[in-house]
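Here is the structure we will look at, set down as structure tokens.
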């Protein structure tokens, strides 16, 4: 037999990634080490689950959550891709902001009070590289610091110290985190080992459940490979738990076909309902790197980006409906993220280039429904390099979720998140201390401004603080932090003015960002010659 | 030492029935394609892992020159093991730390125990640093065939000398090797030869000599119990003196005639008195080697070691028989047999490729060598690292230097599973855990670390910037099992491209790192490469050779 014929017989026709891969083999540890786990003081028993939806490529936030107020400047900045004003989906009780027409599912969830839309989520000095930005979002590091573990990994490491030694345990017989549809993720990388387990794709999952073996060629190599796979499967205790959980759920709701995100979320719903004690699931959906033709020129509400958003919206809606039907909606909180948003100004190819801050969606029955934050300020004449400045640090979102959903206490929170981040009222878990929204949380009042504006050399920045931790930063239009003007604990509420000498700055758009507790506000400034 | 019963691990695995016959190819010279694929098939069977540089070199040599390179080596013997064991509680009275202990035999049990450990660590180091020839795989082949256990031999001096005998004669003359092993102190100690006296002959070695070392057991092998007893008598008189050297004591030798069965042509070895009695041993061995079965037995053992565990009727007729004839025609020289086997169509038959489950030592050492893991240079740190390594394959049930018994490791003889015995629900996770450890944190001790340097590894490949070629090149080094294009595409996208759709994201990241190897740029590529390599090593495909 010649090699070509041999290869034809050997290689599977389908693109199924072989098998279910464990994040870290666990069986070998459990038998050997008699070490008893330390007291589990930080441990919080909970049946709450977080579903993280990664949108890979950098989602164009401005066409996702669209300013109705200030629509003119929006249109002007991206004429060739702007969504027609009449097509924007309206949100109950919201006049200034709306959604891309594809997001009907999101609109419905919002109107039912089951979604919080957080505007302009980003971080200081954003990175525009997919790889680095993804790593930043997953590790929750500062932009200039490299951290080789993930925020979820650190949380799980806190809850399940010593993993994988002595796991699976009676208390936690299941994977700590499950990633569907991707091989691995920095998000679940703990300080020492990966805390998560991968189900590489839905086909592998269903093969596992239905006891279908990956095909092997009918020759000695195939025979040995089959044996190795069998042992690998027997060895993986989690595989059997997943199988049992899946088999405990005979029927589910309807999910849209030809939608890989829906396929992944369907598995997640099944495993949650099936009784796994896994707290974190990650799913991912790619294609958002829309540098060109993100819309159909003659009908900008359609096209590549519209299809992507449609898939996300319909998948998430189906998931939420299924969760309700299965009776698990009390347990589920979902969160989208993307490694960055996209440029305010569209390019000539009918697309957008890498940007910085963008909206993030939280969904779930117990989400505090609402729109968090304000429309990004868009100048009348936007230059090609300008980016949406962040209003909320994504790590605040993470911290809030950990605190309000998983009831992580403050001292642990700082350790997991590496720093203190402002807490935002995002979700209700009555078991955790709830964070009351500040009375002026979504206020229209100006909390920070500068005079004179425009300025040529120095300008006075006035800001209001309620007291407590107060941060005033200056950022340039690309989102890079230029100066920390003030970072201080004020004992009392008050208004303060500080002089900022910006004479050395190149002319252009700058932003002053105020952060004070749950409050933040960003205000544009213009430096001129 | 008494014979112990064989292990028989029987995990409940269902195997697909082997419908297709294996193959009818034989010893005709292989004249097909000579590409990296064929090279890797040859190297993965004959070496403990091969690097990219090896692949390139052997590809350029062609088949005949490659086989020549593998078996016609002139490398000197390695420097002997050292005293790495002096401590607060143990002091070797005769050997300074860092000096070799092989010339200072002792009866001290504690020191011997330390030296045996030193020997095993040193052996790991030899395999890690092996040159690109077949010597180390053949040394291990003989160690498995003779099944000598260092714990049983106990005296490290004999352990080392016996081992050196095997390495010196790795590709030499087999009949000569048998003659030397028979009177080697290590073997005399191991199978009781040194107390085999005429007053009450000990049949241990006499039996194993025939059953395990020369003729085997089977329907055509008809030596009798009487032959075993007669052989035992021939072998009486060999002893070990106080200087740890073997010698012949005529006073303990049985001088009666030794009658052998019709299987041996009813031969009588006349008993000889005095020093001439020693010559009966060679007569015995020469008598055994008159049987064609000896050549077939050894060729079958070589086949199982290098090709596959299943020898069906076609392989027996087309491969074993002609190989055995070459063996006999060449007076039991190993090289002609090895050359004929490795240049044959049968060896390169596609059905014989990728079907070999790597032994634990192969799995561990190959990983280190393929990825070019750098070891420390000072001996104390080396022995610490080698100790870490040898404990790994020992935990996977291959304690090199101490096989379970004189039959060697069951993977090479135990029906019906053979090499599948290496893989069970305890050992497979250990293999994964080893490769996971080596690709993530590595092992650190005394300020030194051994770890797989993923970036350094792929820098040696031709096209690290192209994610498709990168994956292909990596798999060429570490895999023998093909992977479908669709699967490689998915893996590339999910790991190298972080779910992006376009290849250039990896290319850009790699080129940016090359131009500016800052920590941040390094981490971007290194993190993805480590995940990629870890993933590949965790797939069952990685276990096949």
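Residue numbers (this note's numbering), protein chains in the order written: chain A, 1 to 529; chain B, 1 to 545.
Backbone N, C-alpha and C fix where the C-beta goes; we use that ideal spot for every residue, glycine too.
Just so you know, these numbers come straight off a predicted model, no measurement behind them.
For residue i and chain B, any beta-carbon pair shorter than 8 Å?
i	result
residue 526 of chain A	no
residue 338 of chain A	no
residue 56 of chain A	yes
residue 536 of chain A	Because residue 536 of chain A is not part of the residues shown, which for chain A are 1 to 529, the question remains open.
residue 224 of chain A	yes
residue 220 of chain A	yes
residue 25 of chain A	Any reading at residue 25 of chain A must be qualified, since the residue scores a pLDDT of 23, below 50, and its modelled position is unreliable; the value itself is stated next. Yes, its Cβ sits closer than 8 Å to a Cβ of chain B.
Since residue i is in the alpha helix (DSSP H), which residue starts that stretch and which ends it?
i	result
residue 75 of chain B	Here residue 75 of chain B belongs to no alpha helix (DSSP H), and DSSP marks it neither H nor E.
residue 488 of chain A	Run containing residue 488 of chain A: none in the alpha helix (DSSP H); it sits in the beta strand (DSSP E), 481 to 490.
residue 405 of chain B	Unbroken run through residue 405 of chain B: none, as it is neither H nor E.
residue 450 of chain A	Element bounds for residue 450 of chain A: not the alpha helix (DSSP H) but the beta strand (DSSP E), 448 to 451.
residue 204 of chain A	202 to 209
residue 457 of chain B	454 to 459
residue 110 of chain A	104 to 111
So is residue i buried or exposed if we call it buried at 16+ other beta carbons inside 10 Å?
i	result
residue 154 of chain A	buried
residue 234 of chain B	buried
residue 79 of chain B	exposed
residue 55 of chain B	buried
residue 504 of chain B	exposed
residue 412 of chain A	buried
residue 79 of chain A	exposed
residue 38 of chain A	Its pLDDT being 24, under 50, residue 38 of chain A is placed unreliably in this model, and the coordinates cannot settle the point.
residue 487 of chain A	exposed
Should residue i be flagged as near chain A, meaning a C-beta pair shorter than 8 Å?
i	result
residue 18 of chain B	In this predicted model, residue 18 of chain B has a pLDDT of only 45, less than 50, meaning its place in the structure is not dependable enough to derive any value.
residue 420 of chain B	yes
residue 28 of chain B	no
residue 509 of chain B	yes
residue 481 of chain B	yes
residue 360 of chain B	no
residue 413 of chain B	no
residue 541 of chain B	yes
residue 544 of chain B	yes
residue 423 of chain B	yes
residue 429 of chain B	yes
So what does residue i bridge to, in DSSP terms?
i	result
residue 338 of chain A	A:55
residue 268 of chain A	DSSP output for residue 268 of chain A lists no bridge partner at all.
residue 333 of chain B	B:173
residue 469 of chain A	A:489
residue 247 of chain B	B:239
residue 393 of chain A	A:122
residue 272 of chain B	None; residue 272 of chain B has no bridge partner.
residue 372 of chain A	A:118
residue 281 of chain B	According to DSSP, residue 281 of chain B bridges with nothing at all.
residue 283 of chain A	A:53
residue 258 of chain B	B:269
residue 461 of chain A	A:450 and A:498
Beta strand (DSSP E) containing residue i: first to last residue?
i	result
residue 314 of chain A	Not the beta strand (DSSP E): residue 314 of chain A falls in the alpha helix (DSSP H), residues 304 to 326.
residue 68 of chain A	Unbroken run through residue 68 of chain A: none, as it is neither H nor E.
residue 97 of chain A	94 to 99
residue 495 of chain A	494 to 501
residue 431 of chain A	From DSSP, residue 431 of chain A is part of no beta strand (DSSP E); its letter is neither H nor E.
residue 227 of chain A	Premise fails: residue 227 of chain A lies in the alpha helix (DSSP H), 220 to 235, not in any beta strand (DSSP E).
residue 529 of chain A	Where residue 529 of chain A is concerned, there is no enclosing beta strand (DSSP E), given that its DSSP letter is neither H nor E.
residue 449 of chain B	448 to 450
residue 355 of chain A	Where residue 355 of chain A is concerned, there is no enclosing beta strand (DSSP E), given that its DSSP letter is neither H nor E.
residue 443 of chain B	443 to 445
Every unbroken alpha helix (DSSP H) within the segment 473 to 506 of chain B, with a cutoff of 4 residues, ordered by chain: Whole alpha helix (DSSP H) segments, 4+ residues: 485 to 491.
Length at least 4, wholly inside the segment 130 to 201 of chain B: the alpha helix (DSSP H) runs in chain order: If we require 4 residues or more, the alpha helix (DSSP H) runs fully inside the segment 130 to 201 of chain B come out as 135 to 146, 150 to 153, 156 to 168, 174 to 182 and 185 to 190.
In chain order, each alpha helix (DSSP H) run of at least 4 residues that lies wholly inside the segment 131 to 196 of chain A: Counting whole runs of 4 or more residues, the segment 131 to 196 of chain A contains the alpha helix (DSSP H) stretches 151 to 159.
Ordered list of alpha helix (DSSP H) runs contained in the segment 232 to 261 of chain A, each at least 4 residues: For the segment 232 to 261 of chain A, whole alpha helix (DSSP H) runs of length 4 or above, ordered along the chain, are 237 to 247.
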